[in-house]
Amino acid sequence: MSKNNPEHTVPEALEDATLDDGIHHVNNPVLDLPEIVKNYLGEVTGYRQEANNFYFTDGHAEVEVKVVSDEIIRVRLAPSGQFLEEFSYAVPQADKRVEVFSFAEAEDSYRVKTNTVTCVINKADFHIAFEDRTGQVFNRDHAPMHWEENPDFGGYYVYCTKTAFPDEGFYGLGDKPTHLNVRGRRFVNWNSDTYSFQFNQDPLYRSIPFYIGLNEGQAYGIFFDNTFKTFFDFAAEAHDQTSFWSEGGELQYYYIHGPHMIDVVKRYHTLTGTHYLPPMWALGYHQCRWSYYPESKVKDLARNFRARQIPCDAIYLDIDYMDGYRCFTWNKHHFPDPKRMIKELADDGFRTVVIIDPGIKVDNNYWVFREGKENHFFCRRGDDYFMEGYVWPGRCQFPDFTNAKVREWWGGLFEGLVEAGVAGVWNDMNEPAVFGRGTFPDDVRHNYDGYRGSHRKAHNVYGMQMVRATYEGLKKLFHKRRPFTITRAAYAGTQRYASVWTGDNIATWEHLRLGVLQVQRLSVSGMPFCGTDIGGFSGEPDGELFTRWIQFGVFSPFMRAHSAGDTAEREPWSFGPEYEAINRKFIELRYKLLPYIYSVFWEHTHHGFPILRPVTFLEQEFPTNMPREEEFALGDKILVSPVLHPGQQAKIVYLPAGKWYYYWNDHVYEGKQEIEIATPIDEMPMFVRGGTVLPEYPVMQYVDEKPIDSLKLRVYYSNDETNSYLYEDHGDTFAYEQHIYMEKKFVVKGGDAHLTITQDAEGLFSERYDTYDLAFIGLPFRATAVLVDGKKISASPREDGHYTATVPKDFRQIVVT
Ligand code: MIG
């Protein structure tokens, strides 16, 4: 035995194993490998503090608790006591808003406390809980954080298991095509090209590991910032537990306090950023198809829109505009002079948006491939072969967008397209999608901005970094103008760079309903600028379905019709004159609402509000709202409930508390009840909150077609006090970042025989119009006089019963009696 030789110390167990048969098995450690088991944090044995970071240990593993802000606390776990380097694509900077906080040790726990939240670390079992100031527990561990070694690649599977309270509901998680409340379900995040996806299919194109818990009217959020394949189980496996885990990376999550759901979303945006203010035209109607080509077809499409007087701001070119699907090239046969064509379209008020995929054709005569190859910009396998796979162009290689140099190069590639006049770029296939095998193999290496990673780690951010490169490149090339970008794949934070659409849906009523769920979910998951393929990508809608989808599209943040190449023509006039007229009416409605939608977008960009708000977000105190999935608000003034069934003649709609005007006839309903509303094909349930000042543009065929001489304001009477906001700016530059804009606040107050409106306007932007055309709706009295800052002017009733008056735009107070 080697026992006496200190250089050959045999571990105790191994030595024992040799005793039975008396034979010494020479050093066979395999026999003695520790079994791979889940390791749980043990009792807390110590702590230390570094500024706003607190470190707790059980003698082996370490847990970091970071105070990020008054309402946000981050938790990290290092199984072996070694934290990974700090880097996140989602959260550019975690450490920036530390305010007042304190630390205290009690007999059984440690308490890290901000003005709003207390994070309690229980000594005996290392359970972590979050309480509000009153000591109410919002969220707590059901088991200590745990992990399991991954024998294949090193690193750990990391797990966190929280208590799911009996009545708790769960919201968020991006584009999951299922019910708004995801309690009872399990999900995977792994960006996937999912053509013709189904209800409940998972995963889809995006990974947004952020959810909101709502328990007894109080809400908080959890953002699990981990780019590996992540899993969420919302009381599915065990009715009293919600777990999230990952195949790798760090167990790192942010607890985000509410108690209002909308504040959770706002605070999530303080971490991950908001969508920039899009150019106003991007809020108009977009027409897309796979594909409009050749040029004559595109021109014909444009001509039809204008001849039929159906507003439209953007036309898309899908992959067939390229030369053999080579990105950044043109098929000269179909588009002999793109610059001229785009200019002619622009003269007619159309912006051109082109698709760009990540796959670069392997072709030494193609400059993009050559440049990428010479500069080592393409992804490689673990053993150094190039990552090659087939996509539309044939055999392709793929830029590593997680490399800053590659992004810089990619951004510059848009020069030619921008020079030709392209106004926006559509990034597709960036999950990344590869024909046959689906996506890259796990061993593909990525730069990961210097932090290195295999595809396991970079997969879910690949699309995000692609559209980031696209956005940043366009932003530079556009100088002061705002680019428009849209991406299919995304990770949390992608909203800083792009809008999204829900991918390849189907022309069925079920998918219309799925779209209604998905855009609400995306909106509250931090992806505000979202929409569906109106009409359904694959399959054939009939006129009724298409029209109902257009109606829903008016209230989607992003409004674009799109269809697959093997389907019949799919324009607003494709289903006969009756449907064409209704489609026109609704697209016109979108254009009337533009100043309102734009103001709502500003509230997102500036304050982090979601653009769409499910009913539960409006009234989270009522559990009866949790199953409501069809009503939602656009901003806080308009509530809609799209029609989702063929032949539907009437619909039950729940109206939240307050007064609501039916948009189509000004009928007033008392809220906090369900009402039945007729749903003829040329109407869709749409309500305006009492007290609202709703700005309205005249119908235009495209944004900025004509100057606005006088801005129409629809003033909805209410007997209490209501604030409305109107945001205006140049519409197409980043001057707003230098505070060049106008922000107006209207306060409407009504009594039995009077109505007052006050205005506070602030800002450096001057609108081109001088007056407002006011229309008073729902006055419970006969108006005889309108006083504008004390001066009397006349008001006249119109045929529709609205009293109207034209007033100077800089009024301070209006009194109607
Ligand atoms: O493999 O570019 O989701 O919107 O029209 C299909 C063709 C590739 C998928 C996109 C779809 C687009 C289509 N693309």
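Quick note, the sequence shown lines up with residues -19 to 797 if you use my numbering. Ideal placement from N, C-alpha and C gives every residue a C-beta, glycine not left out. Computed from a predicted model, the values in this text were never measured in an experiment.
query                                                                                                                                                        : result
Could you check if R375 is buried or exposed, using at least 16 other CB atoms within 10 Å of its CB as the buried criterion?                                : exposed
Does any heavy atom of the ligand MIG sit closer than 7 Å to the C-beta of F799?                                                                             : Residue 799 is absent from the model: the chain starts at -19 and stops at 797.
Which residues bound the alpha helix (DSSP H) around F526?                                                                                                   : G523 to V534
What residue from E490, K460, A70 and T467 has the CA that sits closest to W406's CA?                                                                        : T467
May I have a chain-ordered list of the beta strand (DSSP E) segments no shorter than 3 residues that lie completely inside the segment 379 to 407?           : 404 to 407
Return yes when the C-beta of M446 is under 7 Å from any heavy atom of the ligand MIG, and no when it is not.                                                : no
Mind checking which residues open and close the beta strand (DSSP E) that includes Q739?                                                                     : L735 to G743
By Cβ distance, which residues of its chain are closer than 6 Å to Y783, with the 5 residues on each side in sequence left out?                              : F756, A763, A775 and P777
Is the beta carbon of D408 within less than 7 Å of some heavy atom of the ligand MIG?                                                                        : yes
Pull up the distance between the alpha-carbon of K319 and that of F330, whole angstroms please.                                                              : 13 Å
With three or more beta-carbon pairs closer than 8 Å as the criterion, would you say the segment 216 to 226 touches the segment 62 to 82?                    : no
Along the chain, where does the beta strand (DSSP E) that runs through N102 open and close?                                                                  : V97 to N102
Would you identify the three-state DSSP class for D732, choosing helix, strand or coil?                                                                      : coil
Any heavy atom of the ligand MIG closer than 7 Å to the Cβ of G533?                                                                                          : no
Check whether the Cβ of R468 lies closer than 7 Å to any heavy atom of the ligand MIG, and answer yes or no.                                                 : yes
Applying the criterion that 16 or more other CB atoms from any shown protein chain within 10 Å of the CB defines a buried residue, is I53 buried or exposed? : buried
Tell whether a beta-carbon distance below 8 Å holds between G253 and G545.                                                                                   : no
Is the segment 222 to 233 close to the segment 253 to 272, with three or more CB pairs under 8 Å?                                                            : no
Kindly examine the ligand MIG and report whether one of its heavy atoms sits closer than 7 Å to the Cβ of H491.                                              : no
I'd like to confirm the pairing. Which residues does DSSP put opposite G26 in its beta bridges?                                                              : T37
By a C-beta neighbour count over all protein chains shown, 10 Å radius and 16 as the cutoff for buried, is T604 buried or exposed?                           : exposed
Of the residues V668, E568 and K724, which one's Cα is nearest the Cα of I290?                                                                               : E568
Any chance the segment 560 to 577 sits against the segment 247 to 265, with 3 or more Cβ pairs inside 8 Å?                                                   : yes
So, are the CB atoms of V504 and G152 less than 8 Å apart?                                                                                                   : yes
Between the alpha carbons of W389 and I336, how many angstroms are there, rounded?                                                                           : 15 Å
Between which two residues does the beta strand (DSSP E) holding G369 run?                                                                                   : G369 to V371
Can you round the beta-carbon distance between R306 and Y346 to whole angstroms, since I take them to be within the 8 Å contact cut?                         : 5 Å
Does the distance from the C-beta atom of E524 to that of T547 stay below 8 Å?                                                                               : no
How would you call L11, buried or exposed, if buried means at least 16 neighbouring beta carbons within 10 angstroms?                                        : exposed
Can you tell me where the alpha helix (DSSP H) with P675 in it begins and where it stops?                                                                    : No alpha helix (DSSP H) holds P675; the beta strand (DSSP E) holding it covers V673 to E676.
Do V668 and Y634 have their beta-carbon atoms positioned less than 8 Å apart in this structure?                                                              : no
For F791 and D740, what's the separation of their Cα atoms in angstroms?                                                                                     : 9 Å
Go through its chain and collect everything with a Cβ distance to E(-5)'s Cβ below 6 Å, but skip five positions before and after it.                         : Reliability of the predicted coordinates at E(-5) is poor, the pLDDT of 44 falling under 50, and the value obtained from them is presented with this limitation in mind. So the list is empty, once near-sequence residues are dropped.
In this structure, how does DSSP classify E685 when only helix, strand and coil are distinguished?                                                           : coil
Is it the case that the CB of G483 approaches a heavy atom of the ligand MIG more closely than 7 Å?                                                          : yes
When the Cα of R91 is compared with those of F150, P183, G115 and A70, which residue comes out closest?                                                      : G115
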